[in-house]
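For the sequence shown, the numbering used here begins at 165 and goes up steadily by one.
Here's the structure we're looking at; comments come further down.
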Amino acid sequence: MAGLCACVKHLSKEEIKELIEKSEKPEEFIKDEKLREMFQCENEIGRSKSNAIKYLKIVEESLRLLANPQLLDDEERRDEFFMELMPKFEDEYIENITASDPDEISNQRRRFLEQVLKEYTRMLGESERYGKFKEKLKKAYEGKIKIEKNP
């Protein structure tokens, strides 16, 4: 099993403890860009790719789209996003985005994206890779992996 991202060796135990606490809840994990980067870096080190990275990429795109739901007006971007999602979400989007008022369309899109975000955050949190990532952070904190504060 590969180790954690090299950036971890530059963190203090207190910083690692904070990351562990944030990673306990996937909803908090996704809000922390540093943790997301570490997770992706750690998964690049490993030989096998898992669905966890796919879930994280969907979560990150959902966050971007939530910040600007009008991006879904771009048909190419919307199609690329839907290609990554479970088919049920494309069906839900087509069925539920029915308003003609731009503000209501934006609200419907926001609700849709929140649902996607919630589902894929849950799936990420349940993934084996995410569990291993949390365990590695805990081992680093416990000193089982040598970690020194960068001088």
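Idealized CB from N, CA, C, for every residue including glycine.
Query - For P266, the nearest candidate out of Q234, M202, M287 and E240 (CA to CA) - result: Q234
**Report entry** DSSP three-state assignment for L301, whether helix, strand or coil
**Finding:** helix
Query - Endpoints, the alpha helix (DSSP H) within which D255 is located - result: P251 to N260
Query raised in the report: Does the beta-carbon of S176 have 16 or more other beta-carbons within 10 angstroms, so that it is buried, or is it exposed?
Result: exposed
Report task. Could you check what DSSP says for A263 in three-state terms: helix, strand or coil? Result -> coil
Requested in this report: Would you kindly work out how many angstroms separate the C-alpha atoms of Q272 and F193, rounded to a whole number?
Outcome: 26 Å
Query raised in the report: From which residue to which residue does the alpha helix (DSSP H) around E240 run?
Result: E239 to E248
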